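Chains as they are written, first to last, in the numbering used here: chain A, 237 to 466; chain W, 12 to 430.
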């Protein structure tokens with residue numbers, strides 16, 4: 237029996253102030269391997285805080301976060317960076333592609349901090365781009381790509397390291413309905429392949445595609461029953 | 012259940028890292044992404060390094076130029092004269108320098124050539140080319156007569172236009188021969204010696220052996236009739252040597268200056284006095300320090316401006332690249348990786364500026380030397396040290412931006428919209 241990908245026990249994050257801001261309170265969550273999870277909630281509800289905690293970009297003030305069975309509280313900054321490099325793939329709302337590099341070079345960037353073999357790097361990046369359906373645009377510059385294509389490049393960049401968890405933060409926020417659907421279809425395919433996905437969104441259409449839905453309201457996490465949207 | 016495609020295996024905690032090759036790759040990509048901007052950023056440092064290299068190079072070149080002239084004429088020249096002395100009879104001139112001064116001096120190590128030179132007192136006698144009294148034209152002249160030993164010609168680096176110099180044989184025998192300076196030859200109307208012209212000094216006939224072309228030292232020889240010591244002693248009553256000219260090897264001047272009085276007047280070296288050129292080292296350092304001081308300050312100032320330029324633009328680019336920094340952190344970069352990347356970028360920029368600046372500096376030294384017909388001289392360490400200096404400046408300039416970049420929180424950085 238392998239450990240769940242994500243295990244949160246009483247996780248909390250408060251920001252200092254007077255009074256302190258409780259961004260996330262006593263969150264419990266288990267994400268099993270292969271789960272497709274949507275985290276929904278209005279803006280300011282603590283979604284971003286949860287994303288940063290899950291992505292090891294921020295540290296909780298209380299509780300336990302185990303990723304792949306590893307308690308992240310015991311890790312130093314370098315090891316947390318290593319976990320980000322090897323076990324987490326990020327997809328952002330604003331894509332974050334480097335404008336002066338080609339598609340394949342953008343994907344290869346993710347191998348840099350894994351110290352991946354330089355010879356295999358282009359090969360791996362090309363395969364990941366093929367996987368997201370952009371095998372024909374390896375040498376295109378991001379400025380010549382449509383929004384949907386750019387986001388698919390970003391997904392390829394997140395996939396190339398074979399992460400345990402794909403974290404997507406409003407992945408369709410900058411896209412129109414049509415291209416949104418392309419990305420959601422891609423996520424569904426990846427889910428079918430066995431990838432674990434956590435998608436943070438305020439878009440209910442996006443949330444509906446997911447297998448599980450978790451709602452955050454005023455920093456409190458609650459799982460919604462399947463098929464019900466708030 | 013089939014093997015999932017995109018799932019990693021769970022083992023120990025992985026480490027993120029950055030290989031040196033990847034660092035260089037990332038830095039060169041960043042710097043070449045906007046070449047015009049990179050060049051402009053580096054401009055201040057390029058100019059600063061160029062100014063420093065050019066200043067040091069030109070000072071060295073100019074200093075060397077001056078020293079070389081001293082080497083040729085002054086730094087290798089020693090003149091030995093009789094020291095003024097109190098004597099009981101004020102009319103008596105005591106000459107401590109012996110007539111064989113030349114023989115005594117050429118034995119010294121470091122002496123290239125030596126020769127005596129003494130004016131001959133003619134008591135009003137004139138020189139003329141032919142023993143004919145022509146009432147219509149002036150053919151008698153008051154031309155100085157100088158008695159020399161044969162080695163003097165080499166010691167003053169004289170060259171003949173025609174004929175040759177007299178040698179020790181002529182001197183020892185007291186042969187009635189003479190060399191004419193070009194000025195004297197002109198006045199005496201002697202242009203050729205193949206018909207063995209004779210001139211008269213007073214009533215003494217002497218045969219002209221050669222005509223001088225030029226001398227490097229003692230230009231009064233050019234207007235004189237030059238006769239051997241031996242002749243002057245026999246016929247013109249020369250009683251003693253007035254001065255000795257010595258041509259020494261480069262660097263031997265001080266030593267020979269000390270040894271010459273001993274060689275010439277062993278019993279009482281104080282009777283003769285040698286005049287030694289100023290040390291070339293002292294000349295060089297004065298020239299260099301004077302030229303350098305001002306321009307080094309200017310070069311330093313422009314380096315400072317250059318460093319501020321690099322710091323400024325790097326800082327701006329850190330702010331511009333906030334999204335990229337956040338992305339890199341998300342992809343597994345530590346603060347150290349980010350700081351290292353920006354430090355390496357600014358150091359590489361400085362190195363590039365140093366290389367370019369050194370090239371410009373060397374080129375300007377060569378160009379200036381070419382227009383002045385100087386030999387460009389550079390310390391060999393200079394073109395090598397300049398890029399190192401540039402890299403150091405870039406490194407120092409990059410410290411604050413790199414620290415700033417590494418302290419950007421990925422959370423805030425990722426919120427920034429980017430392509």
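Note that CB positions come from ideal geometry on N, CA and C, so glycine has one too.
In this text, all values refer to a predicted model and were calculated from it rather than measured experimentally.
> From what residue to what residue does the beta strand (DSSP E) around residue 366 of chain W run?
Replying inline: Note, residue 366 of chain W: premise wrong, no beta strand (DSSP E); alpha helix (DSSP H) at 346-383.
>> Measuring alpha carbon to alpha carbon, tell me which residue in W:24, W:38, W:26 is nearest residue 349 of chain W.
In response: W:38
> Does the beta carbon of residue 372 of chain W come closer than 8 Å to any beta carbon on chain A?
Replying inline: no
> If you measure from the beta carbon of residue 46 of chain W to each beta carbon in chain A, is any gap under 8 Å?
Replying inline: no
>> Here's a check: name, in chain order, each residue in its chain whose Cβ is nearer than 7 Å to the Cβ of residue 393 of chain W, leaving out the five neighbours to either side.
In response: 64, 67, 68
> By how many angstroms is the C-alpha of residue 326 of chain A removed from the C-alpha of residue 355 of chain W?
Replying inline: 27 Å
> Which bits of chain A does residue 37 of chain W rub up against, with CB to CB less than 9 Å?
Replying inline: 345, 348
>> Going by C-alpha to C-alpha distance, which of W:30, W:127, W:42, W:166 sits closest to residue 249 of chain W?
In response: W:127
> Does the beta carbon of residue 315 of chain A come closer than 8 Å to any beta carbon on chain W?
Replying inline: yes
> Using a Cβ-Cβ cut-off of 7 Å (strictly less than) and excluding sequence neighbours within five positions of residue 24 of chain W, which residues of its own chain qualify?
Replying inline: none
>> My output table needs one value for residue 381 of chain A: the three-state DSSP class, helix, strand or coil.
In response: coil
> How about residue 321 of chain A and residue 351 of chain W: do their beta carbons lie closer than 8 Å?
Replying inline: no
> For chain W, is any of its Cβ atoms less than 8 Å away from the one on residue 365 of chain A?
Replying inline: no
>> Under DSSP, the alpha helix (DSSP H) around residue 412 of chain W begins and ends at which residues?
In response: 392-417
>> Going by DSSP in three states, residue 419 of chain A sits in which element: helix, strand or coil?
In response: helix
>> My output table needs one value for residue 272 of chain W: the three-state DSSP class, helix, strand or coil.
In response: helix
> Got a sec? Which residues, its chain only, sit under 6 Å from residue 375 of chain W by beta carbon, not counting five neighbours each side?
Replying inline: 65
>> Tell me the rounded alpha-carbon separation between residue 228 of chain W and residue 161 of chain W.
In response: 15 Å
> Can you tell me the Cα-Cα spacing of residue 313 of chain W and residue 59 of chain W, whole angstroms?
Replying inline: 5 Å
> Closest to residue 352 of chain A by CA distance: which of W:31, W:347, W:369 is it?
Replying inline: W:31
> In chain order, what residues of the same chain have a beta carbon less than 7 Å from the beta carbon of residue 33 of chain W, not counting five sequence neighbours either side?
Replying inline: none
>> Run through chain A and tell me which residues come within less than 7 Å of residue 331 of chain W, C-beta to C-beta.
In response: Correct list: empty, because the minimum Cβ distance to chain A is about 11 Å.
>> Here's the rule: buried if 16 or more other CB atoms are within 10 angstroms of the residue's CB, otherwise exposed. What is residue 256 of chain A?
In response: exposed
>> Does residue 321 of chain W come out as helix, strand or coil in the three-state DSSP assignment?
In response: helix
> Using a C-beta to C-beta distance shorter than 8 Å, which residues of chain A count as neighbours of residue 64 of chain W?
Replying inline: None at all; the shortest Cβ gap to chain A is about 33 Å.
> Does the region 436-446 of chain A come close enough to the region 279-294 of chain A that 3 or more CB-CB pairs lie under 8 Å?
Replying inline: yes
>> Distance check for residue 155 of chain W and residue 235 of chain W, CA to CA, integer angstroms please.
In response: 5 Å
> Who are the Cβ neighbours of residue 460 of chain A in its own chain at under 6 Å, not counting the five residues just before and after it?
Replying inline: 449, 451
> Using CA coordinates, which residue listed in W:211, W:237, W:169 is at the minimum distance from residue 130 of chain W?
Replying inline: W:237
> Count the other CB atoms within 10 Å of the CB of residue 251 of chain A; is the residue buried (16 or more) or exposed (fewer)?
Replying inline: exposed
> To the nearest whole angstrom, what separates the beta carbons of residue 265 of chain A and residue 242 of chain A, a pair I think is in contact under 8 Å?
Replying inline: 7 Å
> So which residues of chain W does residue 318 of chain A contact, with C-beta pairs closer than 7 Å?
Replying inline: 24, 25, 26, 27, 343
> How big is the Cα-Cα spacing for residue 415 of chain W and residue 383 of chain A?
Replying inline: 31 Å
> residue 408 of chain W and residue 325 of chain W: beta carbons closer than 8 Å?
Replying inline: yes
> Comparing the C-beta of residue 356 of chain W with each C-beta of chain A, is any distance below 8 Å?
Replying inline: no
>> Measuring alpha carbon to alpha carbon, tell me which residue in W:413, W:359, W:384, W:278 is nearest residue 49 of chain W.
In response: W:359
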